[in-house]
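Below: the structure, in structure tokens.
Numbering (UniProt numbering), first residue to last: 1 to 314.
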């Protein structure tokens with residue numbers, strides 16, 4: 001049935017503090033900064049709020065390395081706990097992306113905080129940069145994973161991860177409802193590539209001046225931040241599916257006659273596929289697919305691959 005979810009991405013410039021700012025003061029300043037930034041969206045109570053990569057780290061080009069380590073030691077989980085309190089106060093899920101020290105090593109992680117503030121799951125960045133490895137001592141994550149939130153499943157990706165097809169293939173096999181991308185770099189067309197390949201909605205929180213955005217499973221921008229505002233919020237419908245127009249397209253008018261506005265058929269053009277979604281409580285898109293014997297996009301592609309393999313000479 002219709003599964004409307006409101007997602008938000010909230011970002012901020014990395015703060016160019018120098019050695020004049022004591023590590024303990026950095027903690028207080030970060031909490032104040034993000035308290036102000038959250039005010040832009042929390043009163044609309046999004047189902048999920050996504051923060052950028054290393055969201056609570058000062059700008060590394062201006063803040064000394066030794067003070068950064070001292071800051072991390074003082075910070076501990078204090079800033080995560082601040083976000084957890086906000087999650088519980090407003091009844092929202094928050095994707096908090098930051099450096100995380102554990103007995104197994106240091107990770108660049110997104111911790112998913114539930115509506116009660118508890119940690120529901122963690123994604124550790126898999127593909128770390130040379131700088132993270134040699135300077136920060138970051139350990140690569142174990143691999144793709146999904147985290148089950150109350151509205152659906154989410155798969156994390158962080159910054160440099162977006163360059164690696166093998167990780168995307170693993171994410172796609174997990175069939176997440178939503179890809180959650182926290183990053184310092186935008187990724188350009190790779191954002192759309194991930195959304196389409198994973199057949200998932202996509203929300204990316206990126207450092208300004210790059211834009212944060214929400215994308216649909218075709219990689220089309222649903223909502224974006226601007227040069228003036230570094231946050232964005234959008235409602236998406238997770239009860240949707242991609243189907244190819246071959247043999248399915250002739251049934252579209254019958255679907256329209258049967259369901260009217262209760263089923264939406266969105267054609268982005270040029271790609272030969274559409275996204276269908278249920279807009280009515282009590283009606284799932286699976287019901288529509290079964291009733292009209294529609295073939296999902298990946299099932300169609302699998303059928304074509306199977307035919308090619310069978311027809312190929314030995």
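The C-beta atom is built at its ideal place from N, Cα and C for all residues, glycine as well.
Asked	Found
C-beta contact flag for residue 93 and residue 149 at 7 Å	yes
Proximity below 7 Å, CB of residue 190 to CB of residue 167	no
Cβ contact check for the stretch 62-72 and the stretch 84-91: 3 or more pairs under 8 Å	no
Distance, residue 195 Cα to residue 216 Cα	7 Å
Option in 27, 112, 48, 17 with minimal Cα separation from residue 8	48
Alpha-carbon spacing of residue 19 relative to residue 29, whole angstroms	14 Å
Complete alpha helix (DSSP H) runs within the stretch 158-202 (minimum length 4 residues, chain order)	165-174, 190-198
Residue range of the beta strand (DSSP E) that includes residue 121	119-124
Residue 306, DSSP secondary structure in three states	helix
Whole-Å CB distance - residue 70 paired with residue 16, under 8 Å assumed	The Cβ separation is near 18 Å, so there is no contact.
For residue 315, the nearest candidate out of 76, 81, 34 (CA to CA)	Given a span of 1 to 314 for the chain in the structure shown, any question on residue 315 remains unanswerable.
Helix, strand or coil at residue 153 according to DSSP, with G and I counted as helix	strand
Cβ pair count under 8 Å reaching 3, the stretch 275-295 against the stretch 255-262	yes
Among 57, 111, 252, 231, nearest to residue 208 - alpha-carbon criterion	231
Cβ neighbour criterion (16 or more within 10 Å) applied to residue 226	exposed
Reduced DSSP secondary structure (H/G/I, E/B, other) of residue 108	strand
Closest by C-alpha distance to residue 107, when choosing among 122, 174, 298	122
Those runs of the beta strand (DSSP E) which lie wholly inside the stretch 256-300 and span at least 3 residues	263-266, 273-278
Best match in 119, 293, 105, 5 for proximity to residue 142 [C-alpha to C-alpha]	105
Residues of its chain near residue 264, where Cβ-Cβ distance is below 6 Å and the 5 sequence neighbours each way are ignored	277, 279
Bridge partner(s) assigned by DSSP for residue 9	50, 232
Residue from 45, 51, 46, 44 with nearest C-alpha to residue 33	51
Beta-carbon proximity check, residue 212 vs residue 219, cutoff 7 Å	no
Local Cβ density within 10 Å of residue 270, reported as buried at 16 or more and exposed below that	exposed
Collapsed DSSP secondary structure at residue 35 in the structure displayed	helix
Extent of the continuous beta strand (DSSP E) to which residue 18 belongs	Run containing residue 18: none; DSSP gives neither H nor E here.
First through last residue of the alpha helix (DSSP H) which encompasses residue 100	That residue, residue 100, is in no alpha helix (DSSP H); its beta strand (DSSP E) goes 93-102.
CB contact flag (residue 97, residue 182, <7 Å)	yes
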